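*Asks:* Line order of the protein sequences matches chains A and B.
Using our numbering, the letters of the first sequence correspond one by one to residues 37 to 415.
Using our numbering, the letters of the second sequence correspond one by one to residues 3 to 275.
Glycine residues also receive a C-beta, built at the ideal position from the N, C-alpha and C atoms.
Please read these numbers as outputs of a predicted model, since none were measured by experiment.
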Amino acid sequence: MAIVTKNTIGTNLDRPPATASGHGAVTLTGVSRQYGGVTAVDNIDLDVADGEFFALLGPSGCGKSTTLRLIAGLELPDGGQIQIGGREMTNVPAHRRPVNTVFQQYALFPHLSIFENVAFGLREARVRRSEIRARVSRMLQLVDLVGRDDSKPRQLSGGMQQRVALARALVLEPRVLLLDEPLAALDRKLRRQMQESIKDIQRKVGTTFVFVTHDQDEAFSMADRVAVMNQGSVDQVGEPRRIYERPRSLFVADFVGVSNKIPARVVRANGDGSYEVSVDSLGTTRVLGVDGLAPDEDAWLVVRPESMEFRVGSTAAALSATVVDVAYMGPQVVYRAATDVAGEVHVIAPGRRSGNASPGEELSVGWQPDAGWLLPRGN
Amino acid sequence: MTPLWMRRRRLGLALITSVVLVFLYLPIAAVLINAFNKDSTLATWGGVTGKWFGQAVSDPEIRHSFVQSTKIALATTAISVAIAICAALYWRSAGRWGRTLLDSTTFMRIALPEVVTALALFVMFRRLNITLGIWTVIAGHVMFNSAYATIVVQARVAALDRTLEDAAADLGAPPRRVFRRVVLPLLSPAVIVAALLTFTFSFDDVVTSLFLAGSGTVTLPMEIFGLVRFRVTPEVNAIGSGVMLVTLTGFTLAAVALFASGGLRRTIGRARA
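(1) Identify every residue that forms a DSSP beta bridge with P82 (chain A).
(2) Applying the 10 Å Cβ sphere with the 16-neighbour rule, what's the burial state of K240 (chain A)?
(3) Determine which residues share a DSSP beta bridge with F245 (chain A) and list them.
(4) Give me the chain A residues within the contact set of P187 (chain B), using Cβ-Cβ distance strictly less than 9 angstroms, ordered along the chain.
(5) So the candidates are B:R129, B:Q70, B:W7; which of them puts its Cα closest to the Cα of D206 (chain B)?
(6) What first and last residue would you give for the beta strand (DSSP E) that runs through I132 (chain B)?
(7) Counting only beta-carbon atoms, is G216 (chain B) nearer than 8 angstroms to chain A?
(8) Taking all protein chains shown into account, do 16 or more other C-beta atoms lie within 10 angstroms of the C-beta of S96 (chain A), making it buried, or fewer, making it exposed?
(9) Would you decide whether C98 (chain A) is buried or exposed? Buried here means 16 or more other CB atoms lie within 10 Å of its CB.
(10) Under the DSSP definition of a beta bridge, which residues are partnered with P386 (chain A)?
(11) Counting only Cβ pairs nearer than 9 angstroms, list the residues of chain B close to T137 (chain A).
(12) Thinking C-alpha only, which one of A:L286, A:D180, A:D251, A:Q119 is nearest R413 (chain A)?
(13) Just reading off the beta strand (DSSP E) that G402 (chain A) is part of, what are its end residues?
(14) Three or more C-beta pairs closer than 8 angstroms, one from the stretch 128-143 of chain A and one from the stretch 198-205 of chain A: is that the case here?
(15) Give the secondary structure of N266 (chain A) by DSSP, where H, G and I count as helix, E and B as strand, and everything else as coil.
(16) Report the option in A:P283, A:R261, A:R304 whose CA atom is closest to the CA atom of S295 (chain A).
(17) At the level of alpha carbons, what is the spacing between D86 (chain A) and N147 (chain B)?
(18) Are the CB atoms of L173 (chain B) and G157 (chain A) within a distance shorter than 8 angstroms?
(19) Within a Cβ cutoff of 7 angstroms, which residues of the same chain sit near G195 (chain A), ignoring the five residues on either side of it in sequence?
(20) Name, in chain order, the residues that DSSP records as bridge partners for R123 (chain A).
(21) Quick one: any contact between the stretch 76-91 of chain B and the stretch 188-204 of chain B, if contact means 3 or more CB pairs under 8 angstroms?
(22) Does the beta-carbon distance from A169 (chain B) to A155 (chain A) come in below 8 angstroms?
(23) By the three-class DSSP mapping on this structure, what secondary structure does G319 (chain A) have?
(24) Three-state secondary structure (DSSP) at A221 (chain A)?
(25) Given L188 (chain B), which residues of its chain have a CB within under 8 angstroms of its CB, disregarding the five upstream and five downstream residues?
(26) What whole-angstrom Cβ distance do L213 (chain A) and E254 (chain A) have, given they're in contact under 8 angstroms?
(27) Which whole runs of the alpha helix (DSSP H) in the stretch 142-208 of chain B are 4 residues long or more, in chain order?
(28) Three-state secondary structure (DSSP) at T102 (chain B)?
(29) Using a Cβ-Cβ distance under 8 angstroms, would R101 (chain B) count as near chain A?
(30) Using a Cβ-Cβ cut-off of 8 angstroms (strictly less than) and excluding sequence neighbours within five positions of L192 (chain A), which residues of its own chain qualify?
(31) Could you tell me whether the Cβ atoms of L206 (chain A) and M175 (chain A) are closer together than 8 angstroms?
(32) Please list the partners that V179 (chain B) has in chain A, where partner means a Cβ-to-Cβ separation under 9 angstroms.
(33) I want to verify the contact list: residues of chain A whose CB lies under 7 angstroms from the CB of P176 (chain B), in sequence order.
(34) Below 8 angstroms on C-beta distance, what does L110 (chain A) contact in chain D?
(35) What's the call for Q197 (chain A), buried or exposed, on a 16-neighbour Cβ count within 10 Å?
(36) Mapping DSSP to helix, strand and coil, what is D236 (chain A)?
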C-alpha cells in the first residue's frame, strides 16, 4: 500500500501543472544574486504555473525575499534568466514588469488617501479618469473596504492597511502578484482570517500569487505548491503534503515539522523507491526513502510524531520508551518519551482518544509501517 | 509651603532672566517705537506717526535695494533648496566615504566664519575676472545657505521609508515620477522649512553682500548700513521694522511648517492610537 502511495504522489507533482499557453507565469533559470561577496540567492531554478498559488518558504536570511525582489525587478540578478508570462524580463526595470507586490509593512503612501493609494498605478498607466473611479471602487469592494476612500492610511487598522495594499496591487491586474510576508505584522487571529480571505480573493481573481513566508502553517494552508529555501538555494518544490511526508532533505523535514530520527542502516535498495533497512534491536523493515541510498549506508528513519503510537508491552516494530513529559493541547496530546535507540521522541495523539500515559511510565512506541521515510545521515 | 531658600533661588533666577531679556529686546523695542516717533531728531517722544514708513517706501533707493534683496533671496532660496535635495538624496545612497565627504563640506560651510568664505569668494571672482554684481552675491549666499538647507532636508531624507519608492516603482512609476509623486511630497515639509530659513538668512545678510556686491548692487541691509553711518533717522527705524517683519514672518512660517509636519501630526497620531 505504501508503495502505491509513493507512485501516485511521486511522479507529477514536483512539476507545475501544465498550462494552456504552454509557458509558466514565472520562470527562473539559474538565477543568482550577491551582496558584497555574500550570496543571497544561489543559482536557483523555479517554475510557477499560471493561476497557481505558490509559496516560498524558508527561515530568515534564506534568500526568499531577495528572490521575490528579483521577480519584481527591484533587484537585478548577477546571473541567470527571469521570464514572466513567457517574456524575457531579466534586465527589465520594476516599473515595466507586469507584476505587482504587496510589501511586508504594506508601504502605503502616507500622504495619499486610500482612494489615491489604490489609484496610484492606474494614474501611472494613464487610465481614463472615469475608469479609474470604477476600477478602484470595484477593488475596494473586493477587499471589503467600501466607504474608506478619503481616509489616510494611518487612520486604518493593520488588517485594513493590508487589504489596501492588496487592492492597490491587484487593481493593475498583474500577470503575477507577489506577496512579501504580508501577514507577519498582524496578530495571530487576524492572520488566520487574512489567510482565508487572501485565498478566497486569489480564487476569485485567478491571478498567479507568489507568496513569501517563514511560517510553515501559512505556506501549507494557503499554497498549491511550496518551495522550501535554505541558504540561497531551493531544497524542494512540491505540494505541501509531499513536502511534509516525503521531504528531500533533513533540513526540509525539520523545517516543516517535528521529525523523530531513528538511526537505521540500509540493507538493500529495492529499486522501486523502497528500502530494506535494519533498525537496531528491531530487525529489518521495509520503508520508503529518497533516491540514491546505497546498501550499508547509515541513514535516518524519519517518523512524524502523529504517526507514532504507544503500544502496550514490547512488540516487534517498536522501541521501548519512558514517558518524560505530557502536554495537553486541546485537539491533541503531545508526549515526549526517552528511547535507547533514538533519544527523545515526540508522540502526538488525538486529544479525545488519548490514553493516560503519565511521566515515568514505561511503554513501547511504534509507527505505522508506511509512515517512515528514509533520509541520508550526512545532511 | 515652599521653603524660603527655594523661593529666594527662584526669585533670583527670575530676576537674572528678566535682566537678560530686557537687555536683548530693549534695543529692538526702541527701533520699533522710534519708527513711529514724530520727533525727527529722536531725542524725545513727539507722538505717533506713520509718515516715516511712507517716506521709506517712496524713497527710490530704498525701493530699489528692497527689490534687489528680494531677487537675491528668491534666487538663493531656489538654488540652495535644489542643492540641498540633491545632496541629501546623494548622501542617502552614498557609501561611508561619500557621506563623510559630503558631511564635512556641509559643516565646513557653516563652521567657517562668514568673513572668510566671503573674502575667499571675493578673491576668486577677482582672479577669474568675474564682474561683481547680483549673481556674485547670490553665489555667496548660496555658499552658506545651501549648507543649512542640506542639514534640514537631510534629516527628513534619513527618515524616508525606501520601500515607498520600491512600491511606487512596482506600481509602474519610472524614477522621475517616483521622485515627483512620492519623494518630493514626503520631503515637502522639510523643503518648506529650508526655503523659509534660506530666504530669511539671505534677505538680512550684510557681510557676504558687502564683499561681493561690487559698486552697482546695493541690498537693503547694505542700504541701512550706509544710512546709519551719518545719523540714525526715524526712517531707518521704519526700514528696520520692515525688515524685522519680513524676517519674523519667514521664521514663523518655518516654525509652523515644522510643527505641522512633525510635532503636531505625531501628537494626533498618538491620540488616535
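*Replies:* This is what the structure holds:
(1) Correcting the residue identity first, residue 82 (chain A) is Leu in this sequence and not Pro. Per DSSP, A:L64.
(2) exposed
(3) A:F89, A:L213
(4) F145, H147, L148
(5) That would be B:Q70, whose Cα lies nearest to the Cα of D206 (chain B).
(6) Here I132 (chain B) belongs to no beta strand (DSSP E), and DSSP marks it neither H nor E.
(7) no
(8) exposed
(9) Counting Cβ neighbours within 10 Å, C98 (chain A) comes out buried, since at least 16 surround it.
(10) A:Q368
(11) D168, A169, D172, L173
(12) A:L286
(13) 398-403
(14) yes
(15) strand
(16) Nearest to S295 (chain A) by alpha-carbon distance, out of A:P283, A:R261, A:R304, is A:P283.
(17) 56 angstroms
(18) yes
(19) L222, L226, M230
(20) The partner list for R123 (chain A) (beta bridge, DSSP) reads A:I120.
(21) The stretch 76-91 of chain B vs the stretch 188-204 of chain B: in contact.
(22) Taking a C-beta distance under 8 angstroms as the contact criterion, A169 (chain B) and A155 (chain A) do not qualify as a contact pair.
(23) Strand at G319 (chain A).
(24) In this structure, A221 (chain A) counts as coil in the three-state DSSP scheme.
(25) R158, L162, L166
(26) Going by Cβ atoms, the distance from L213 (chain A) to E254 (chain A) rounds to 16 angstroms, so no, they are not a contact pair.
(27) 164-172, 177-180, 186-205
(28) T102 (chain B) falls in the helix class under three-state DSSP.
(29) no
(30) I150, R184, V200
(31) Cβ atoms of L206 (chain A) and M175 (chain A): closer than 8 angstroms.
(32) In the sequence as displayed, the identity of residue 179 (chain B) is Arg instead of Val. Those are H131, E160, listed as they occur along chain A.
(33) H131
(34) Of the chains in the structure shown, none is chain D; the protein chains are A and B.
(35) buried
(36) helix
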